[in-house]
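Count along the sequence shown from 1, then add 20; that gives the number in my numbering.
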Amino acid sequence: TGATLEEIDSAVKFNLGFPMGIFELADFTGMDVIHKATVEMHLRDKKVINPHPTVEKMFDEKKLGQKSGEGYYKYSDDKYERVELSQELAQKFNPIQLVANILNNAAWLVTNGASDIEEIEKAAQLGLGLKKPLFETAKEIGIKNIVDELNKLAEEHGEFYKPDPLLVSMQ
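In structure tokens form, the structure reads like this:
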């Protein structure tokens, strides 16, 4: 996208209402945890997640995030430090791809009977610390825009990004 990590994380935090940016959260969680979890999830169901080569490379290079002093960001010492994010940086990145993927996975859970929208909203607010409901954010962005983005991603990167029928029906 040409955006910096700080621009993406700022957009996630300030425009989507997440408590942390995705790269900030990845560094906090640790590449070792993320790598092992994504590999296991992929082995169980290839539609759920694809292991990302960047995470695998960082894991192999022991760039585990805050615990090793370097991940997506570099850290100066052992104590937890926050990344500098701002409203100004948030305006430089449109987080539609991130929202599209999150919503597509949420819709897949509903379509496959694993959950319903209300449960997903509650889990997203409690688990992710979202300030506003996920599907409310989707409606603000526009479900059609999200489906179009997923179709574009599917054309570029394969079937994994194909929009779930629930999202298509909500347009």
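Cβ coordinates follow ideal geometry from the N, Cα and C atoms, glycine included. In this text the structure is predicted, and so the values were computed from the model without any measurement.
Cut-off 7 Å between Cβ atoms - residues of its own chain near residue i, not counting five sequence neighbours on either side
i: residue 78; result: 51, 91
i: residue 186; result: 127, 130, 131
Simplified DSSP state of residue i, which is helix, strand or coil
i: residue 26; result: helix
i: residue 94; result: strand
i: residue 85; result: strand
i: residue 126; result: helix
i: residue 112; result: coil
i: residue 139; result: helix
Integer-rounded CB distance, given that residue j should sit under 8 Å from residue i
i: residue 129; j: residue 140; result: 6 Å
i: residue 26; j: residue 109; result: 5 Å
Beta-carbon contacts of residue i that lie in its chain and below 6 Å, excluding the five residues immediately before and after
i: residue 38; result: 32
i: residue 173; result: 181
i: residue 103; result: 44, 93
Cβ neighbours of residue i in the same chain (closer than 8 Å, five flanking residues each side left out)
i: residue 48; result: 40, 85, 86, 100
i: residue 82; result: 88
i: residue 76; result: 55
Length at least 4, wholly inside the segment 27-77: the alpha helix (DSSP H) runs in chain order: 42-49, 51-64
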